[in-house]
Amino acid sequence: MKRARIRWHIAVFLAPAVIVYSAVMIFPLFNTLRLALYTRVDRERVFVGLENFQTLFFDPIWAEQFWNALGNNFWFFIIHMLVQNPIGIALAAILSHPRLRFAALYRSAIFIPTILSFVIVGFAWKLILSPIWGIAPSMLDAIGLKSLFAPWLGKEEYALTTLALVSVWQFVGIPMMLIYAALLTIPEEILEAGEVDGITGMSAFWKIKLPLILPSIGIISILTFVGNFNAFDLIYAAQGALAGPDYSTDILGTFMYRTFFGFQLQLGDPHMGSAIAGAMFAIILLGVCIYLFAIQTRMRRYQL
Amino acid sequence: MNQARTNPLNTTLMHGALILYTLIALFPVFIILINSFKERRAIFRDPLGLPDAESFSTIGYETVMKQGDFFLYFQNSMIVTVVSLFFILLFGAMAAYALSEYRFRGNMLMGLYLALGIMIPIRIGTVAILELMVATGLVNTLWALILVYTAQGLPLAVFILSEFMRQVSDDLKNAGRIDGLSEYTIFFRLVLPLVRPAMATVAVFNMIPIWNDLWFPLILAPSEETKTLTLGSQVFIGQFVTDWNAVLSALSMAILPVLVLYVIFSRQLIRGLTSGAVK
Chain X
81 MKRARIRWHI AVFLAPAVIV YSAVMIFPLF NTLRLALYTR VDRERVFVGL ENFQTLFFDP
141 IWAEQFWNAL GNNFWFFIIH MLVQNPIGIA LAAILSHPRL RFAALYRSAI FIPTILSFVI
201 VGFAWKLILS PIWGIAPSML DAIGLKSLFA PWLGKEEYAL TTLALVSVWQ FVGIPMMLIY
261 AALLTIPEEI LEAGEVDGIT GMSAFWKIKL PLILPSIGII SILTFVGNFN AFDLIYAAQG
321 ALAGPDYSTD ILGTFMYRTF FGFQLQLGDP HMGSAIAGAM FAIILLGVCI YLFAIQTRMR
381 RYQL
Chain V
8 MNQARTNPLN TTLMHGALIL YTLIALFPVF IILINSFKER RAIFRDPLGL PDAESFSTIG
68 YETVMKQGDF FLYFQNSMIV TVVSLFFILL FGAMAAYALS EYRFRGNMLM GLYLALGIMI
128 PIRIGTVAIL ELMVATGLVN TLWALILVYT AQGLPLAVFI LSEFMRQVSD DLKNAGRIDG
188 LSEYTIFFRL VLPLVRPAMA TVAVFNMIPI WNDLWFPLIL APSEETKTLT LGSQVFIGQF
248 VTDWNAVLSA LSMAILPVLV LYVIFSRQLI RGLTSGAVK
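Line by line, the protein sequences are chains X and V.
Heads up, our numbering is the position in the first sequence plus 80, with the first residue counted as 1.
Heads up, our numbering is the position in the second sequence plus 7, with the first residue counted as 1.
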């Protein structure tokens with residue numbers, strides 16, 4: 081029997097993508113995890129096992145920064161889940177209303193902040209919230225709430241929440257679009273069947289539409305999670321690499337940048353940086369696994 | 008349509024809510040743009056007012072033009088974005104074709120391997136990427152950025168494109184084979200033109216994150232000649248913090264190209280997002 085000839089074209093089609101992807105993404109990913117197990121002693125790379133992680137989690141100086149960044153990162157994520165996604169869902173629910181006029185116009189306008197770079201967003205809000213310029217205080221004054229104004233980005237207790245809300249402002253468009261798409265796929269017959277049974281308006285949303293879009297809500301949750309735990313740009317643009325005031329806006333991305341790249345007087349340490357990257361990798365992987373195994377398999381039964 | 012879903016009070020409320028949110032979304036952009044055309048005193052005296060004959064000034068733009076090399080930054084961003092998109096589309100489509108068209112051992116595994124990168128951000132590997140770029144001498148070249156963005160964009164591109172390529176009719180490809188076309192010709196001449204809408208979706212998805220990225224330009228290509236517009240404006244604004252005219256003008260100049268791209272591609276982007284290509 082003749083052996084099947086090797087189909088070279090398959091290899092040719094696959095090769096460029098596989099090579100670039102492996103060399104620039106997968107290999108560095110594992111190499112970073114490997115570098116986390118080494119340290120530098122007198123310009124030589126020495127294998128130290130899990131010592132870097134031990135330093136990161138338990139050494140007083142490192143641990144304080146790490147847990148601070150991790151805690152801030154969770155708060156950043158919680159704000160997104162509690163503010164960004166509900167607003168996005170609400171906007172999508174309104175937009176998907178049949179025969180709403182100007183829907184396309186609203187949709188495009190609300191999506192504009194999402195396309196702007198973090199640099200623009202960070203600085204624009206910094207200027208607007210700045211007590212020197214006074215747009216925010218004078219606007220609050222106009223509605224009689226001037227006493228509420230504080231230099232939000234400069235106060236330790238408000239800065240992180242403020243930045244999280246700025247990030248929410250920027251990214252509301254994404255959950256809005258994805259939920260909007262999901263709402264459009266709900267067949268009209270189901271809604272009509274609900275109407276026959278007297279379920280209309282708000283209760284139609286809560287009882288019929290919401291359960292049907294749960295899988296999409298799962299997707300936006302995991303996208304938010306991954307996005308937040310690898311965020312960096314907005315904090316860097318608005319507060320710099322030191323994530324001030326007094327590290328109160330430090331998240332894992334800025335912490336990793338400072339550690340491995342060095343900043344001002346602090347020298348860069350690629351091995352500790354890799355250890356932080358390893359921790360981020362573990363967190364993201366855990367989130368993705370929870371999503372894949374727990375949430376998605378349970379939600380499947382609602383799918384149309 | 009039944010009454011409960013179209014009552015006028017509801018309609019008013021819905022428009023009210025949407026208008027309110029649209030204002031929130033656009034207000035900061037609007038403030039930056041109008042103030043960039045005002046002279047310094049007017050910026051502080053009346054930040055919400057439109058520039059008029061008295062307060063109009065382009066001094067900020069003049070400073071930006073003199074001090075920052077914005078054309079170079081713009082050109083760098085353009086090259087990086089366009090070349091990366093080209094490679095993402097070409098390599099992504101080729102791999103997607105191999106995965107969707109041929110049955111071979113390891114097909115499933117290869118698909119899974121390529122899909123890994125959809126959920127795991129490439130930034131995690133930054134330390135080793137920097138090391139790799141230093142070792143290959145690509146640091147501070149645009150190629151470093153192009154390679155990284157290509158690798159970052161490929162997983163989702165392969166995933167979306169192979170979904171679409173499965174829908175291309177087999178009869179067409181087999182007709183090509185009977186006519187003696189090679190597999191390459193079938194791919195480039197018959198299949199690629201048919202998946203053009205999907206390629207546009209992939210391009211638009213990748214375009215904005217590449218253009219706006221700050222992390223990799225900052226780490227891999229921070230030299231003056233290779234700064235992208237995002238990094239360039241970040242550095243420029245950092246240096247000119249107290250020159251409000253210059254900062255506002257630099258911000259406006261950074262907003263403008265993205266807005267233009269958005270106006271051109273928004274239909275494609277929104278269609279892509281809402282067609283469920285990312286589900």
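Ideal Cβ placement from N, Cα and C applies to all residues, glycine included.
Predicted, not measured: the structure shown is a model, and the values here were computed from it.
{"Item": "Proximity test, Cβ basis, 9 Å: residue 209 (chain V) and chain X", "Value": "no"}
{"Item": "The alpha helix (DSSP H) enclosing residue 121 (chain X), as first and last residue numbers", "Value": "Not the alpha helix (DSSP H): residue 121 (chain X) falls in the beta strand (DSSP E), residues 118 to 121."}
{"Item": "First through last residue of the alpha helix (DSSP H) which encompasses residue 36 (chain V)", "Value": "15 to 42"}
{"Item": "Residue 146 (chain X) vs residue 335 (chain X) beta-carbon contact at 9 Å", "Value": "yes"}
{"Item": "Per-residue contacts from residue 204 (chain X) into chain V (C-beta, under 8 Å)", "Value": "35, 36, 38, 39 and 258"}
{"Item": "Alpha carbon of residue 9 (chain V) to alpha carbon of residue 28 (chain V), nearest angstrom", "Value": "Residue placement at residue 9 (chain V) is poorly supported in this model, since its pLDDT is 46, which falls under 50; the coordinates are not used for a value here."}
{"Item": "Minimum Cβ-Cβ distance from residue 421 (chain X) to chain V less than 9 Å", "Value": "Outside the modelled stretch of chain X, which goes from 81 to 384, sits residue 421 (chain X), for which no answer is possible."}
{"Item": "Proximity test, Cβ basis, 9 Å: residue 353 (chain X) and chain V", "Value": "yes"}
{"Item": "Rounded C-alpha distance that separates residue 204 (chain V) from residue 248 (chain V)", "Value": "44 Å"}
{"Item": "Where the beta strand (DSSP E) through residue 108 (chain V) begins and ends", "Value": "Looking at the DSSP string, residue 108 (chain V) is not in any beta strand (DSSP E); the run it does join, the alpha helix (DSSP H), is 77 to 108."}
{"Item": "Chain-ordered residues of the segment 209 to 221 of chain X with a beta carbon less than 9 Å from chain V", "Value": "212, 213, 214, 215, 218 and 219"}
{"Item": "As assigned by DSSP and simplified to three states, the class of residue 250 (chain X)", "Value": "helix"}
{"Item": "Three-way DSSP call (helix, strand, coil) for residue 111 (chain V) in this model", "Value": "coil"}
{"Item": "Chain-order list of residues whose beta-carbon lies under 8 Å from that of residue 158 (chain V) (same chain, five-residue window excluded)", "Value": "124 and 129"}
{"Item": "Contact list for the segment 51 to 77 of chain V against chain X, Cβ threshold 8 Å", "Value": "51, 54 and 55"}
{"Item": "Outcome for residue 261 (chain X) when other beta-carbon atoms lying within 10 angstroms are tallied against a minimum of 16", "Value": "buried"}
{"Item": "CB contact check: residue 292 (chain X) to chain V, cutoff 9 Å", "Value": "no"}
{"Item": "DSSP-derived helix/strand/coil call for residue 311 (chain V)", "Value": "Coverage of chain V is limited to positions 8 through 286, which leaves residue 311 (chain V) absent and any answer about it impossible."}
{"Item": "Beta carbon proximity, residue 130 (chain V) to chain X, threshold 9 Å", "Value": "yes"}
{"Item": "Contact with chain V by residue 129 (chain X), beta-carbon distance below 9 Å", "Value": "no"}
{"Item": "Rounded separation between residue 105 (chain V) and residue 180 (chain X) - CA only", "Value": "44 Å"}
{"Item": "Reference residue 299 (chain X); option with closest CA among X:348, X:220 and X:369", "Value": "X:369"}
{"Item": "As assigned by DSSP and simplified to three states, the class of residue 276 (chain X)", "Value": "helix"}
{"Item": "Helix, strand or coil at residue 195 (chain V) according to DSSP, with G and I counted as helix", "Value": "helix"}
{"Item": "The alpha helix (DSSP H) enclosing residue 98 (chain X), as first and last residue numbers", "Value": "88 to 101"}
{"Item": "Residue 126 (chain X), enclosing beta strand (DSSP E) - first and last residue", "Value": "124 to 127"}
{"Item": "Contacting residues, own chain, Cβ-Cβ under 7 Å from residue 186 (chain V) (five flanking each side not counted)", "Value": "none"}
{"Item": "Contact with chain X by residue 187 (chain V), beta-carbon distance below 9 Å", "Value": "no"}
{"Item": "Exposed unless 16 or more other CB atoms sit within 10 angstroms - verdict on residue 252 (chain V)", "Value": "buried"}
{"Item": "Cβ pair residue 140 (chain V), residue 134 (chain V) closer than 9 Å", "Value": "no"}
{"Item": "Closer than 7 Å at the beta carbon, the chain V residues around residue 108 (chain X)", "Value": "132, 135, 136 and 139"}
{"Item": "Neighbour flag for residue 228 (chain X) against chain V, beta carbons, 9 Å", "Value": "no"}
{"Item": "Contact list for residue 306 (chain X) against chain V, beta-carbon separation under 7 Å", "Value": "126 and 128"}
{"Item": "Sub-9 Å separation of residue 256 (chain V) and residue 67 (chain V) beta-carbons", "Value": "yes"}
{"Item": "Residue-level contact to chain V via CB, residue 249 (chain X), 9 Å cutoff", "Value": "yes"}
{"Item": "Cβ separation of residue 251 (chain X) and residue 194 (chain X), assumed to be a contact under 8 Å, to the nearest whole Å", "Value": "6 Å"}
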